[in-house]
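Just below is one structure, and these are the notes that go with it.
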Amino acid sequence: MNALWKLSQAVLAVAAISTSSAIAQPIKLGELNSYKTFPAFLEPYKKGMELAVDEINRSGGVLGRPLELITRDDNGNPGDAVRVAEELVAREKVDLLMGTFSSAVGLAVADFAKQRKILFIASEPLSDKIVWENGNRYTFRLRPSTYMQTAMLVPAAAKLGKKRWAIVYPNYEYGTSATAAFKQQMIAMQSSGIEFVEVAVPLGKIDAGPVVQALLDAKPDAIFSSLFATDLAKFVREGELRGLFKDRPVFNLLGGEPEYLDPLKDEAPTGWYVTGYPWSAIATPEHKRFLEAYEAKYKDYPRQGSVVGYSAVMTAAAAIRKARSTDTAKLVAALPGLVVDTPFGKVSFRAIDHQSTMGAYVGRIAVKDGKGVMVDWKYANGADYLPSDDWVRAHRPAD
Amino acid sequence: MAPTICPPTTGCGRIGRPTRDTLPLSALLVQFVNGLASASSLFLVAAGLSLIFGVTRIVNFAHGSLYMLGAYIAYSLVARFGATIPGYWLAILLAALAVGVLGVLIEVLVLRRIYPAPELLQLIATFGVVLIVKDATLALWGPEDLLGPRAPGLKGVIEVSGRAFPQYDALLLVVGPAILFGLWWLLKRTRWGMLVRAATENRVLARALGVNSTLLFSSVFFVGALLAGLAGALQLPRESANLSMDLSVIAEAFVVTVVGGLGSIPGAFIASVLIGLVKALCIGLGQVEVGGLAIAFPKLTLVAEFVVMALVLAVKPYGLLGSAPAVPATTSTAEHRALVKPPGRRGLIGAVVALVLAALLPAVGDEYDLVLATDVLILALFAASLQFIMGIGGLASFGHAAYFGLGAYAAALAVKHGVAMEAAVAFAPVAALAGALVFGWFCVRLSGVYLAMLTLAFAQIVWSIAFQWDSVTGGSNGLVGVWPSAWLASKQAYFYFTLAAVGAALVAIAWIACTPFGYALRAGRDSALRAEASGMDVRAHQWAAFALAGTFAGLAGGLYAFSKGSISPDVLAIPRSIDALVMVLLGGLNALAGPLLGAAAFIGLQDWLSRATDYWRAGIGAVILLLVLAFPIGIGGAAQRLLARIGR
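Going down the list, the sequences are from chains L and F. Residue numbering for the first sequence follows my numbering, starting at 325 and increasing by one per position. Residue numbering for the second sequence follows my numbering, starting at 70 and increasing by one per position.
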């Protein structure tokens, strides 16, 4: 109990010091994310954010003020996320909110932002609803959504002309919407009949043996999967063993992201069509600059999360610069149409639905030097993979 | 050139109808064999859990963490020794032994000190261990998934009726029954086994006959932990070592242990085979058309084991091979349950002072303090409703979040359909009451851990329905836009509203506890046999208590929905139920102020620690451990005792 008392004294002292050091009135970016729940993605994400903050502050800050990043863990559930957002807004008095990972949390914080009238840059959550069915004035989303990334894979899938597709997906909104998006788009693109067999899998708890067996028994011509992380690893191993992928093209959403590809090492499934991030091969000047800075600072290579974190902070900075203020109304007016420099090139936020045009790299997996890499890849610009404006206007509530 | 893009929800054309050739019998058989392979590793974990519970009566929540450590340690050892045949298997064995030793350490350092405490207190002590192990694993091995090499010599496949079956899975098929046989031999043919069986049957009598229970418990923990570690290590060729292994395996292991009958190893084996087969069957059947209705059987895997458990417990209240405990129905913790007197003058003054202080909070604190305080009040009500059935009713519940969630969803759905917010908050407890009446009727037919697990099964079933019913409940995303009416929109106003509602509810619970009904419940808790003999219908009373507890939990849920502005299925999920348990046990099972203290401690801890350090989870685990070791009867209980001593 003595130790507890000393510890609390120490914490209070540190808190007192930190609150009294507001020299040049920093701009506070409130960031909340599920750091403990998804550490593989979010530890690199945090590094990306901190790299961006460093870069900006070293070159003089924004509007002459330094950026201060205040991060909180939202515990992976919407209730705690809203509480933490409340703390950031009410106590830390942040100028804007950003972050979140899972769609449920993203949607809850987006609604909170609408209620509290504060800007929210949803950096990672992929749910289509964040900008469409549940879109609001104060929420902007950076990453290409489930719909967009599925749409990036569909052209290659349709070109194969396969008739019988097996779809395996994690049984929650991300998986079901990826499945629905894939089905609808394939039907539109392919003139001849096409049929689907679906297998749902509990998130994180795939029973790989029976699932692979069920897929084999269904005798599909090709497979579309939205599995990731632990499920993907089990699925790949079991599938290779039982010959599921022999002579069968496989498409996997997010499969080329280093977070999910690297753990597979030399068992990375060759030939799979994936969306991802071929960090070692991108030669654009903006990416090279980012890669060098990241490796110099962290002695490690960037992951997809690093790019997202970096770009999210860049978005915030660009918005504040364009608005010439940190006032929410001005920021919310500045973001639509805003162009941001990211390691993937220039990205803009659409006025019609607040979705950014950030894209993803589409390619195939190969194994080089005992590690999985993406080959034959190209950058798919997010702007090309969005539905028509009329459709968006019909499905997004008026601001 | 941008390709034609079809809008997601309306589409551009007809969706092809999924066709499925009728599944040949050989395919089904192979699926069964697949199910058996997964059942083997599940059996190993459940056997260890069953063994530990049978002897020590400890619900070892940390068993999943031991499984996870087994996988991680095996990964590191295989990397050290190399993936050759001797190196690989040595690594697996050493990993299992290392985890066995860790299990003994946990038992000696933590659990031994709290054996005299109420049984469920050890549960949250092990929960504290879970949190610490999780963060320690993250610190030691990093956040990325670690995929180990495949077992040398077993990398190929065998042909089974034209299909490829992995050689390693064939090994697992053998390992399960081999361990079963090994345990049978150990329990039936060795002296140690005889002592274990004696202690399982009647711990008190065994101790009276001179069995050194300290050594016995430690050795049982060693074997149980070793089995868990072995299970984790054997998973290395099949899955990557990752940080969510502990929680994903523990629920299933509990289910298997309960279905088989606590303390019965053959029961655990049969149960794991049953559940493995059911899950494989669900996946194997795929999407089936039954009379025009398309049932996607793989979607049932989300909750299949809980449905099986509910069905088994409905027919066999003590699991397949379990039996009623030999110890009579008088609780061994009776000495911890001081006679709950109605709060005297001091208690009433204390309550009024607390109320006044709370009402002054908006004047001294900022908006965030109000948010925290609202959270504390809501969770205090939730915890109080759980404390009502656990402390007074004597019925442990692992699935109390079901009623909290039912209330939250009922309120949110009502508001979404145009009902006024105030009416929705009033509707929440009604919906939860309905659920509690239905579930309670089944649950009160059981006792002890079986009852607790059945409540968990119901909570999981409700969770899976909310999780998948996209059109009504919003599916895994939940519902947003559930804000209070204009007059309650400010944090201050909502805080007062919550204070009034929760205050009234807490007073009501305290009042009910001191009515004849409350005393009747306590009679049923302390000695059901005597109570029945004196003419009391214990089951009916317990059912009523269940319903009441559910109602109050539902009210808390309704208030919660509007305080957050959104709800998602995790108001129904296992972690929510566990939070309630932790709050109740931290505060004290028998102290009237317990829930409030427990909720304040829990939320305060979480809030403060998550800002203080990156490893806040380990911090919370450590503090929980310290509190449990320092206050075996809970903070509230210790305060009560202290006050009683002062007053004397």
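By construction, the Cβ of each residue, glycine as well, lies at the ideal position given by its N, Cα and C atoms.
Item                                                                                                                                       : Value
Residue range of the alpha helix (DSSP H) that includes residue 561 of chain F                                                             : 560-582
Contiguous alpha helix (DSSP H) assignments of at least 4 residues, all confined to the stretch 479-525 of chain L                         : 497-513
CB contact flag (residue 415 of chain L, residue 435 of chain F, <8 Å)                                                                     : yes
Opposing strand residues paired with residue 234 of chain F [DSSP bridges]                                                                 : F:227
Proximal residues to residue 167 of chain F (C-beta, below 6 Å), its chain only, five neighbours per side dropped                          : 142
Residue-level contact to chain F via CB, residue 344 of chain L, 8 Å cutoff                                                                : Low confidence applies to residue 344 of chain L: its pLDDT is 48, below 50, so where it sits in the model is not reliable enough to give any reading.
Nearest neighbour of residue 256 of chain F, chosen from F:272, F:679 and F:289 [CA to CA]                                                 : F:289
CB contact below 8 Å: residue 399 of chain F versus chain L                                                                                : Confidence at residue 399 of chain F is low in this model, with a pLDDT of 49, below 50, so its placement is unreliable and no value can be given for it.
Residue 107 of chain F versus residue 119 of chain F - alpha carbon distance                                                               : 18 Å
C-beta contact flag for residue 439 of chain L and residue 552 of chain F at 8 Å                                                           : yes
Same chain, Cβ closer than 6 Å to residue 660 of chain F, five either side skipped, listed in chain order                                  : 705, 706 and 709
Other residues of its chain near residue 179 of chain F: CB distance less than 6 Å, five sequence neighbours each side excluded            : 194
Integer-rounded CB distance, given that residue 301 of chain F should sit under 8 Å from residue 139 of chain F                            : 3 Å
Members of the stretch 427-454 of chain L that neighbour chain F once the beta carbon cut-off is set at 7 Å                                : 427, 428, 431, 432, 435, 436, 439, 451, 452 and 453
Cut-off 6 Å between Cβ atoms - residues of its own chain near residue 563 of chain F, not counting five sequence neighbours on either side : 553 and 557
Outcome for residue 374 of chain F when other beta-carbon atoms lying within 10 angstroms are tallied against a minimum of 16              : buried
Reference residue 624 of chain F; option with closest CA among F:590, F:560, F:646 and F:496                                               : F:496
Short CB-CB distance (under 8 Å) between residue 232 of chain F and chain L                                                                : yes
Beta-carbon proximity check, residue 402 of chain L vs residue 425 of chain L, cutoff 8 Å                                                  : no
Partners in chain F for residue 628 of chain L, counting only beta-carbon separations shorter than 7 Å                                     : Within chain F, no residue comes near residue 628 of chain L; the closest Cβ sits about 13 Å away, beyond 7 Å.
Three-way DSSP call (helix, strand, coil) for residue 690 of chain L in this model                                                         : strand
Residue 651 of chain F beta carbon less than 8 Å from that of residue 664 of chain F                                                       : no
Distance CB(residue 652 of chain L)-CB(residue 394 of chain L) smaller than 8 Å                                                            : no
Nearest residue (CA-CA) to residue 703 of chain L, options L:693, L:691, L:721 and L:472                                                   : L:472
Nearest candidate by alpha-carbon position, reference residue 648 of chain L, set L:422, L:388 and L:467                                   : L:388
Whole-angstrom distance between residue 620 of chain F and residue 490 of chain F, CA atom to CA atom                                      : 18 Å
Closest Cα partner of residue 204 of chain F within the set F:303, F:690, F:379 and F:702                                                  : F:690
Expected contact under 8 Å - CB spacing of residue 689 of chain L and residue 617 of chain L to nearest Å                                  : That belief does not hold up - the Cβ atoms of residue 689 of chain L and residue 617 of chain L are roughly 27 Å apart, past 8 Å.
First and last residue of the uninterrupted alpha helix (DSSP H) at residue 446 of chain F                                                 : 436-456
Spatially closest choice to residue 449 of chain F from F:473, F:464, F:432 and F:430, by CA coordinates                                   : F:473
Host beta strand (DSSP E) of residue 353 of chain L (start-end)                                                                            : 351-357
Neighbour flag for residue 695 of chain L against chain F, beta carbons, 8 Å                                                               : no
Inter-residue CB distance, residue 573 of chain L and residue 484 of chain L (contact presumed, cutoff 8 Å)                                : 6 Å
is_contact[residue 723 of chain L, chain F] using C-beta, thresh 8 Å                                                                       : no
Opposing strand residues paired with residue 446 of chain L [DSSP bridges]                                                                 : L:423 and L:465
Beta-carbon spacing of residue 476 of chain L, residue 640 of chain L below 8 Å                                                            : no
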